[in-house]
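Numbering follows the numbering used here, with no gaps: position 374 of the sequence shown is 374.
Here a beta-carbon is modelled for each residue, glycine too, at the ideal position from N, C-alpha and C.
Just so it is clear, the structure is predicted and the values come from calculations on it, not from any experiment.
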Amino acid sequence: MAEFYVKGGTKLQGTVKIDASKNAILPIIAGSILCTGKVIIDDCPLYTDVQKTCDILKKLGSKITYENGNLSLDNKDLKTKYVNNDLTKDIRASIFMIGPILARFHKVKISYPGGCQIGRRGIKVHLHAFQTLGVKIKKKKKFLKCKYNKTRLNEVYFDNVSVGATENLIMFTCLNDGVYKLHNCAKEPEVIDLVNFLIKMGAKIEGAGTKDITVYGVKKLSATEYRPIPDRIMAGTMLIAGAITGGKVKLENVIPKHLSSLINVLRKTGAKISVKKDTVEIDGDKNLISFGKVVARPYPSFPTDLQSQLTALATVLDGKSTVSDKIFSKRFNHVPELNKMGAKISIEKDTAYIEGVKTLYGTHVCAEDLRGGVALVLASLKAEGSSVISNVAFIDRGYYKIEEKLNMLGADIKRV
Ligand code: EPU
1 MAEFYVKGGT KLQGTVKIDA SKNAILPIIA GSILCTGKVI IDDCPLYTDV
51 QKTCDILKKL GSKITYENGN LSLDNKDLKT KYVNNDLTKD IRASIFMIGP
101 ILARFHKVKI SYPGGCQIGR RGIKVHLHAF QTLGVKIKKK KKFLKCKYNK
151 TRLNEVYFDN VSVGATENLI MFTCLNDGVY KLHNCAKEPE VIDLVNFLIK
201 MGAKIEGAGT KDITVYGVKK LSATEYRPIP DRIMAGTMLI AGAITGGKVK
251 LENVIPKHLS SLINVLRKTG AKISVKKDTV EIDGDKNLIS FGKVVARPYP
301 SFPTDLQSQL TALATVLDGK STVSDKIFSK RFNHVPELNK MGAKISIEKD
351 TAYIEGVKTL YGTHVCAEDL RGGVALVLAS LKAEGSSVIS NVAFIDRGYY
401 KIEEKLNMLG ADIKRV
């Protein structure tokens with residue numbers, strides 16, 4: 001598995017263009033199943049999670065090409081086939097296949113989803129919602145078998161706010177007879193982006209971005225070309241990279257509103273941030289102080305997907321900070337590794353207590369999940385001396401050639 005060799009100590013300087021959002025692209029690829037015409041996703045980075053999601057579609061008969069950065073999916077000859085464990089074990093997003101496959105073929109057999117080990121990630125909310133709408137589900141040890149005859153109820157209340165379950169049920173209902181009311185929906189920008197994509201294909205959906213979504217089922221969806229939203233988590237990671245190294249970093253191709261909670265936290269540290277229409281610039285070139293307390297919760301609160309990176313930043317801020325994660329309460333794989341670098345962090349339940357230190361020291365650390373892995377990259381950029389980061393494959397799941405982007409800003413990272 002690839003490793004990163006990082007020489008720390010450089011203040012990052014320059015401009016970086018933010019890629020399209022991984023968590024927007026994955027459900028959009030699944031949503032392409034709903035249409036027999038071609039779907040083109042513009043400027044689609046080949047995150048490994050994108051490649052693995054495409055592998056599932058290929059197995060079902062999708063013809064997929066990649067040209068000039070655009071991903072083209074032709075699902076005309078798709079068939080419903082067993083999506084086995086080899087295809088699902090590495091990605092949580094495999095669960096998104098259920099909604100669109102059921103909508104198009106009325107049955108699906110699929111193994112359980114995998115993904116980063118960041119705490120319990122059940123699928124009950126998804127399954128319960130499908131069952132409410134009349135889907136019969138047989139849960140076997142290795143796979144699920146789902147069959148849909150006709151709608152039992154046309155109203156779903158999600159027991160938990162879930163991004164994936166909201167997306168899955170929107171995809172299931174939008175190509176179905178009837179009007180569906182979904183309540184307690186996730187309000188994340190990626191949900192809105194999926195809905196915008198589906199609407200572009202001809203779907204009729206109201207209320208995305210609020211707790212209550214209404215889906216007016218249609219008979220057919222048509223070919224389309226779509227540009228997903230910029231990745232707010234990559235953008236946030238790059239802002240934190242600017243802050244932790246005391247550098248000046250400008251982001252292009254961002255939707256600043258999606259970064260509001262992070263910008264608010266970073267301003268508390270004393271970092272200067274200027275926001276324009278689609279750019280955000282950070283100047284972290286002064287002694288930054290603790291931001292106090294941050295709690296990761298569903299959007300528009302602070303995102304769990306930036307919790308690890310913020311924890312890395314807190315290790316070198318002047319003073320004590322606390323970071324809690326109410327979404328994935330065990331998402332702290334990065335903490336023992338940061339402590340190896342000289343950080344002072346203790347964990348109690350879902351909260352990291354961080355005492356800022358003057359210096360982090362480069363050493364050998366190991367990525368154990370995507371965001372925790374990139375948090376180690378950020379800490380290594382700040383650390384005195386060199387670091388080696390193993391298991392870079394985790395980072396590649398959701399950052400495309402991140403070392404090249406950071407090196408353009410002056411970092412010294414080699415992929416070995
Ligand atoms: N949950 C359940 N049962 C369910 C579904 C969710 O208990 O059936 C719980 C989860 O365990 C978690 C909470 O509900 O505690 C929220 O999970 P959610 O379903 O919203 O997460 P997800 O859809 O599986 C997406 C992103 C994650 C991101 C979360 C939260 C994708 C592919 N993944 O996951 O992204 O952390 O929403 O915003 O969109 C990442 O990119 O690093 C990542 C993990």
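Q: Consult DSSP for residue 246 and reduce its assignment to one of helix, strand or coil.
A: Three-state result, residue 246: coil.
Q.
Between residue 194 and the ligand EPU, is there a pair consisting of the residue's CB and a ligand heavy atom that are separated by less than 7 Å?
A. no
Q | For residue 70, the residue or residues it bridges with in DSSP | A | 67
Q.
Would the stretch 311-319 count as touching the stretch 196-210 if we require 3 or more Cβ pairs under 8 Å?
A. no
(Q) Under DSSP, the beta strand (DSSP E) around residue 15 begins and ends at which residues? (A) 13-17
Q: Rounded to whole angstroms, what's the CA-CA distance from residue 406 to residue 25? Just pull it up for me.
A: Distance between residue 406 and residue 25, taken at the CA atoms: about 23 Å.
Q.
For a quick check, are the C-beta atoms of residue 146 and residue 156 less than 8 Å apart?
A. no
Q) Going straight from the alpha carbon of residue 370 to that of residue 236, what length do you get? A) About 14 Å.
Q. So with Cβ pairs under 8 Å, would you call residue 77 a contact of chain D?
A. Judged by its chain identifiers, the structure shown contains no chain D, having just a single protein chain.
**Q.** Pair within 8 Å by beta-carbon distance, residue 198 and residue 170
**A.** yes
Q: Report the residue ranges of all alpha helix (DSSP H) runs contained in full by the stretch 278-320; include only those spanning at least 4 residues, in chain order.
A: Counting whole runs of 4 or more residues, the stretch 278-320 contains the alpha helix (DSSP H) stretches 307-314.
(Q) Can you tell me whether residue 370 sits near the ligand EPU, meaning its C-beta is under 7 Å from at least one heavy atom of the ligand? (A) yes
(Q) On a Cα-Cα basis, can you pick out the residue from 80, 89, 276, 92 that is closest to residue 109? (A) 80
Q: Thinking residue 21 and residue 231 are a contact (beta carbons under 8 Å), I'd like their distance in whole angstroms, please.
A: The Cβ separation is near 4 Å, so the contact holds.
Q.
Check whether the stretch 240-257 and the stretch 53-67 are in contact - that is, three or more C-beta pairs closer than 8 Å.
A. no
**Q.** Rounded separation between residue 68 and residue 219 - CA only
**A.** 33 Å
Q: Would you decide whether residue 416 is buried or exposed? Buried here means 16 or more other CB atoms lie within 10 Å of its CB.
A: exposed
Q) Taking residue 361 as the reference, which of 138, 131, 382 has the closest Cα? A) Taking the Cα of residue 361 as reference, the smallest distance to any Cα among 138, 131, 382 is reached at 382.
Q) Which residue's Cα is closest to the Cα of residue 175: 216, 253, 188? A) Residue 216 is the option with its Cα nearest to residue 175.
Q: Would you mind working out which of 339, 308, 314, 341 sits nearest residue 330, comparing C-alpha positions?
A: 308
**Q.** Span of the alpha helix (DSSP H) around residue 24
**A.** 22-31
(Q) Bridge partners for residue 183 per DSSP, in chain order? (A) 157
Q: Could you tell me whether the stretch 119-131 touches the stretch 94-108, using the rule of 3 or more Cβ pairs below 8 Å?
A: Judged by Cβ distances under 8 Å, the stretch 119-131 makes contact with the stretch 94-108, as three or more pairs qualify.
Q) Just to confirm, does residue 352 get its C-beta within under 7 Å of one of the non-hydrogen atoms of the ligand EPU? A) no
Q.
Using 8 Å as the cut-off, can you tell me whether the stretch 289-303 makes contact with the stretch 332-347, which would need three or more C-beta pairs spanning the two stretches below that distance?
A. With the cut-off at 8 Å, the stretch 289-303 and the stretch 332-347 do not touch.
Q.
Rounded to the nearest angstrom, what separates residue 463 and residue 233 at their Cα positions?
A. The chain is shown from 1 up to 416; residue 463 falls before or after that span and cannot be answered.
Q. Whole beta strand (DSSP E) runs in the stretch 218-271 with 3 or more residues, listed along the chain?
A. 224-226, 248-252
Q. Nearest CA to the CA of residue 365: which residue from 151, 392, 82?
A. Nearest of 151, 392, 82 to residue 365, Cα basis: 392.
Q | Which of helix, strand or coil DSSP assigns to residue 199 | A | helix
Q: Locate the alpha helix (DSSP H) running through residue 504, then write down its first and last residues.
A: Limits of the chain in this structure are 1 at one end and 416 at the other, which puts residue 504 out of reach.
Q | N-terminal and C-terminal residue of the alpha helix (DSSP H) that residue 132 is part of | A | DSSP places residue 132 in the uninterrupted alpha helix (DSSP H) bounded by 124-132.
Q. How big is the Cα-Cα spacing for residue 6 and residue 161?
A. 38 Å
Q) Where are the beta strand (DSSP E) runs, 3 residues long or more, that stay fully inside the stretch 326-386, in chain order? A) 344-348, 351-355, 364-366
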